[in-house]
Structures are given as C-alpha cells and as structure tokens.
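Residues 200 to 348 (my numbering) are what the sequence shown spells out, left to right.
Notes follow the structure.
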Amino acid sequence: MSNALVGTYSHLLVGLDLSEDSTAILSKAIKLAKACNAQVSLAHVVEPLAFAYGGDVPMDLSEAQVVMEQQAQARLDKIADELELTPANMAILVGNTAGELHRYAEEHNADLIVVGSHGRHGFALLLGSTANGVLHGAKTDVLAVRVGE
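Have a look at this one:
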C-alpha cells in the first residue's frame with residue numbers, strides 16, 4: 200500500500216468473532232491502519248443468551264452470560280497483547296452485533312469498520328449475515344475481508 204492512503208482513515212474499528220478467521224481480518228486491518236497511519240480498535244460482540252432462545256427461557260442465564268463475556272475478554276486480551284494494543288482500544292460489547300458495532304464506531308469516531316465475510320451465495324446471502332448487517336446500517340465505510348475459503 201502506498202502513502203496515498205495516509206489520512207484516508209484515522210480510526211479503524213475491527214469487529215472480531217474471535218474465530219480462527221480473526222487472524223486474517225486483523226492482518227488486513229493492521230496493514231491498512233499502518234498505510235493510513237490510523238488508530239485501531241478491536242471489538243467483539245456477545246449476543247445475550249436470551250436472544251438465542253427468543254427471550255423465553257425458564258432459567259436464569261445471567262451466570263452463563265457472564266462466563267461467555269469473560270471468555271471473550273480473555274481471548275481479546277490475548278490478541279491485544281500480541282498487537283500491543285491498550286485496553287482503551289478494545290471492547291467486549293453485548294447486544295446485536297451490527298447495532299453494537301455501529302454504536303461503538305459512532306461513539307468512538309471510527310471512520311472505517313472492518314469485518315469478516317464468508318462470501319455466501321444464494322439463500323444465505325438473502326437471509327443476511329453479520330457483515331451484511333454491519334454494511335447496511337453503517338454511517339461510515341465498511342471493509343468486508345473475505346475469509347474462510
């Protein structure tokens with residue numbers, strides 16, 4: 200990447216699902232951030248367990264939710280340590296993935312959201328994906344990094 204990108208973006212928000220694909224997404228985001236001389240923030244969104252069960256669960260899932268958030272935080276901390284990012288540059292968010300990434304980007308003045316895309320076709324594309332949700336509600340640019348192929 201050339202110096203022509205310097206100043207194009209100042210703050211990249213990288214939405215990670217913390218899977219093996221996260222490495223490829225981060226690699227692209229960091230190359231772009233260096234070319235733009237931009238700040239990088241990492242975010243992982245944990246959807247509330249009640250969402251998965253339609254909110255109609257006969258048991259208290261709050262303890263399981265806390266464990267999920269702690270596990271996600273530990274994985275994000277490990278990634279951030281490897282990249283030498285500070286805690287101010289990373290977040291575990293709870294809610295709808297697309298909505299939370301939009302909110303975080305707006306609140307922290309991120310001008311590019313970077314997410315992974317599995318390049319689905321047919322019904323999977325019509326039904327939507329996380330990357331599609333992020334793209335269609337964003338008030339800023341979105342970079343979908345092709346992964347998993």
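Every residue, glycine too, gets a C-beta built ideally from N, C-alpha and C.
Because the structure is a prediction, the values reported are computed rather than measured.
Under the assumption that residue 313 contacts residue 271 (Cβ atoms under 8 Å), give the Cβ distance between them as a whole number of angstroms.
Position 114 of the sequence shown, counting from 1, holds the residue named residue 313. Position 72 of the sequence shown, counting from 1, holds the residue named residue 271. Rounded, the Cβ-Cβ distance is 18 Å, inconsistent with contact.
Decide yes or no for the touch test of the stretch 211–228 against the stretch 301–309: beta carbon pairs closer than 8 Å, at least 3 of them.
yes
When DSSP builds the beta bridges, which residues end up paired with residue 340?
Within the sequence shown, the letter at position 141 stands for residue 340. In the DSSP output, where bridge partners are listed per residue, residue 340 has 311.
If we count the other Cβ atoms within 10 Å of its Cβ and call it buried at 16 or more, is residue 240 buried or exposed?
Within the sequence shown, the letter at position 41 stands for residue 240. Under this definition residue 240 is a buried residue.
Measuring only the C-alpha atoms, how far is residue 287 from residue 217?
As a first step, residue 287 is located in the sequence shown; it is residue number 88 there, counting from the start. As a first step, residue 217 is located in the sequence shown; it is residue number 18 there, counting from the start. Approximately 18 Å, taken between the alpha carbons.
Can you give the beta carbon distance from residue 237 to residue 289, rounded, assuming they're within the 8 Å contact cut?
Your numbering for residue 237 matches position 38 in the sequence shown. Your numbering for residue 289 matches position 90 in the sequence shown. The pair is not a contact, with the Cβ atoms about 16 Å apart (cut-off 8 Å).
Which one of 222, 339, 304 has the shortest CA to CA distance from residue 277?
Start at 1 with the first residue of the sequence shown, and residue 277 comes out as number 78. Among 222, 339, 304, the Cα nearest to that of residue 277 is on 222.
How would you call residue 341, buried or exposed, if buried means at least 16 neighbouring beta carbons within 10 angstroms?
As a working mapping, residue 341 is identified with position 142 in the sequence shown. Classification for residue 341: buried.
Among 330, 206, 331, 273, which residue has its Cα nearest to the Cα of residue 232?
Reading the sequence shown from its first residue, position 33 is the one you call residue 232. The residue with the shortest Cα to Cα distance from residue 232 is 206.
Cβ-based neighbour list, residue 229, same chain, cut-off 8 Å, excluding 5 preceding and 5 following:
In the sequence shown, the residue the question calls residue 229 occupies position 30. So the list reads 239, 282, once near-sequence residues are dropped.
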